[in-house]
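Read through the structure below, which is laid out as structure tokens, and then see the notes.
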Amino acid sequence: MAEPRIRLGMVGGGEGAFIGAVHRIAARLDDRYELVAGALSASPDKARRSAEAIGLPLERSYPDYRSMARAEAARGDGIEAVAIVTPNHMHAPVAEAFLDAGLHVICDKPLTATLAEARRLRDKARASGLIFAVTYNYSGYPLVRHAHAMVQAGDLGAIRVVQVEYPQDWLAGPLEATGQKQAEWRTDPTRSGAGGCIGDIGTHAYQLAHFVTGMAPEQILAELTSFVPGRRLDDNAQILLRYGNGARGALWASQVAPGSDNGLRLRVFGEKGGLDWSQEEPNQLLWSPLGEAPRLIKRGTPAVNAAGQRVSRIPSGHPEGYLEAFATIYAEVAEAILARRKGAPLDPMVSFPTIEDGFAGVAMVEAALRSHAAGGLWVTAES
Numbered sequence: 194m195a196e197p198r199i200r201l202g203m204v205g206g207g208e209g210a211f212i213g214a215v216h217r218i219a220a221r222l223d224d225r226y227e228l229v230a231g232a233l234s235a236s237p238d239k240a241r242r243s244a245e246a247i248g249l250p251l252e253r254s255y256p257d258y259r260s261m262a263r264a265e266a267a268r269g270d271g272i273e274a275v276a277i278v279t280p281n282h283m284h285a286p287v288a289e290a291f292l293d294a295g296l297h298v299i300c301d302k303p304l305t306a307t308l309a310e311a312r313r314l315r316d317k318a319r320a321s322g323l324i325f326a327v328t329y330n331y332s333g334y335p336l337v338r339h340a341h342a343m344v345q346a347g348d349l350g351a352i353r354v355v356q357v358e359y360p361q362d363w364l365a366g367p368l369e370a371t372g373q374k375q376a377e378w379r380t381d382p383t384r385s386g387a388g389g390c391i392g393d394i395g396t397h398a399y400q401l402a403h404f405v406t407g408m409a410p411e412q413i414l415a416e417l418t419s420f421v422p423g424r425r426l427d428d429n430a431q432i433l434l435r436y437g438n439g440a441r442g443a444l445w446a447s448q449v450a451p452g453s454d455n456g457l458r459l460r461v462f463g464e465k466g467g468l469d470w471s472q473e474e475p476n477q478l479l480w481s482p483l484g485e486a487p488r489l490i491k492r493g494t495p496a497v498n499a500a501g502q503r504v505s506r507i508p509s510g511h512p513e514g515y516l517e518a519f520a521t522i523y524a525e526v527a528e529a530i531l532a533r534r535k536g537a538p539l540d541p542m543v544s545f546p547t548i549e550d551g552f553a554g555v556a557m558v559e560a561a562l563r564s565h566a567a568g569g570l571w572v573t574a575e576s
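Note that the numbering used here has the sequence shown beginning at 194, numbered continuously upward.
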């Protein structure tokens with residue numbers, strides 16, 4: 194018999210939210226989860242309306258996350274995992290409540306609003322032995338998995354240069370002043386944390402570079418800028434990276450770059466060749482072996498290695514995109530949860546961002562803030 198679906202709860206993601214719907218779609222895409230409970234808003238009335246709108250049983254629509262954690266942990270059919278899709282400042286308290294209730298956690302990024310919270314949450318998650326995933330979803334793309342496997346196999350040789358960028362343009366004007374919900378909380382330091390653009394999309398770029406190369410920089414030097422008058426958090430970040438093996442890198446993240454929709458791009462150059470991947474064209478990867486003609490690797494073709502084929506769902510020519518990559522993270526977490534259910538070993542091919550990746554992202558933001566405050570000095574991020 195097929196394994197019963199994983200019983201999933203959600204905190205946040207109610208009316209007006211963007212990422213909550215993405216998580217719900219991702220969780221259902223491979224038919225591994227069933228959403229059975231939620232505290233979808235800090236407003237009980239809004240939480241109830243949101244539950245009705247998505248067909249969640251009203252008796253399992255909770256007015257707050259604490260009552261949800263207590264009630265679900267006490268039920269025989271209670272949730273096995275919770276998805277946290279709130280603004281950043283609520284990630285830590287919500288995650289702690291569900292870890293204390295003995296439940297697995299799937300948390301949106303960045304992990305927390307402060308490094309102290311991230312450190313405390315990491316230590317709690319480690320001690321609990323529970324699964325804690327962070328949805329850095331871009332590592333779910335098949336050709337990102339392919340690129341990671343190429344680097345690990347030594348196809349590029351020693352890595353020399355890492356270039357990653359993530360430009361957008363949606364905050365090029367004072368959108369937060371219009372009351373737009375997503376802009377409002379992302380530019381509010383009490384809800385977003387001390388990092389603006391660097392925390393929102395810079396952490397995505399940082400995790401992608403780390404996932405593909407397997408390397409974390411030993412030192413960073415950052416300049417953070419708020420170009421829009423009156424904006425309280427950075428909307429542009431430029432960061433230099435020094436790696437322990439002598440490699441050098443650069444990270445640029447911006448939300449004030451007109452003409453840029455969602456321009457996440459990673460280029461990795463080694464002594465034997467280079468890789469070039471863009472999230473806006475995710476079904477192809479450019480591989481340039483030194484001294485040879487560049488080769489375009491397309492998802493779904495025999496040229497893709499086992500790591501990429503494993504998370505590819507449909508034949509070549511049918512594009513897989515953002516939602517499928519997000520669903521890959523949920524599917525990989527499902528494998529880990531089901532292995533726990535059965536007391537079975539986890540397939541070593543299963544891979545998803547964990548609490549450690551979440552902590553690394555917050556540590557990078559904190560180091561970037563320190564470097565910028567010091568006038569652009571090289572600093573070390575907490576490992």
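Yeah, the Cβ is synthetic: ideal placement off N, Cα and C, and Gly gets one too.
Note that this is a predicted model, so its numbers are computed, not measured.
Residue pairing of GLY467 in beta bridges, as defined by DSSP: PHE462 and SER481. Assignment of GLN472 by DSSP, reduced to helix, strand and coil, places it in the coil class. Taken in chain order, the complete alpha helix (DSSP H) segments of 4 residues or longer contained in the region 282–341 are 284–293 and 308–321.
In this structure, the CA atom of ALA244 is about 47 Å from the CA atom of ALA346. Between LEU516 and LEU336, the CB-CB gap reaches or exceeds 8 Å.
As for any alpha helix (DSSP H) of minimum length 4 sitting wholly inside the region 411–443, there is none. In terms of Cβ geometry, ARG460 and GLY467 form a close pair [threshold 8 Å]. Judged by DSSP secondary structure, MET261 falls within the alpha helix (DSSP H) whose first and last residues are 258–267.
THR328 and ALA518 have their C-alpha atoms spaced approximately 10 Å apart.
Residue state for THR573 is assigned as coil, using DSSP reduced to three classes. Cβ neighbours of PRO237 within its own chain (closer than 7 Å, five residues either side excluded): PRO256.
The shortest C-alpha to C-alpha distance from GLY452 to any of MET408, ASP362 and GLY442 is the one to ASP362. If you compare the alpha carbons of ALA566, GLY554 and LEU570 with that of SER576, the shortest gap goes to GLY554.
The straight-line gap separating the alpha-carbon atoms of GLY386 and ALA430 is approximately 15 Å. Looking from the CA of MET283, the closest CA among TYR436, LEU249, ASN438 and PRO382 belongs to PRO382. Its Cα nearest to that of LEU539, the residue ALA527 stands out among ALA527, GLU549 and LEU201. Annotation: the continuous beta strand (DSSP E) that includes ALA274 extends over 274–278.
DSSP, reduced to helix, strand and coil, places ARG198 outside both helices and strands of the structure shown, so it counts as coil.
Taking a C-beta distance under 8 Å as the contact criterion, VAL504 and ARG259 do not qualify as a contact pair.
A residue is called buried once 16 or more other Cβ atoms fall within 10 Å of its Cβ, and ASP454, having fewer, is exposed. As a beta-bridge residue in DSSP terms, TYR226 pairs with ILE199. For ILE530, the uninterrupted alpha helix (DSSP H) segment begins and ends at 515–535. Burial check for THR279: the Cβ neighbour count within 10 Å reaches 16 or more, so the residue is buried. Non-local C-beta neighbours of GLY551 in its own chain, meaning closer than 6 Å and more than five positions away in sequence, comprise LEU304 and VAL327, ordered along the chain. Nearest Cα to LEU233 within the set ARG425, THR521, GLY442 and PRO250: PRO250.
Looking at the backbone, the Cα of GLU377 and that of ASN281 are separated by about 13 Å. Inclusion of THR406 and VAL354 in the CB contact set at 8 Å is not warranted, their separation being larger than that value. Looking from the CA of ARG563, the closest CA among LEU417, ILE277 and GLY231 belongs to LEU417. Of the candidates GLN373, GLY269, ARG268 and ILE324, ILE324 places its Cα closest to the Cα of ALA288.
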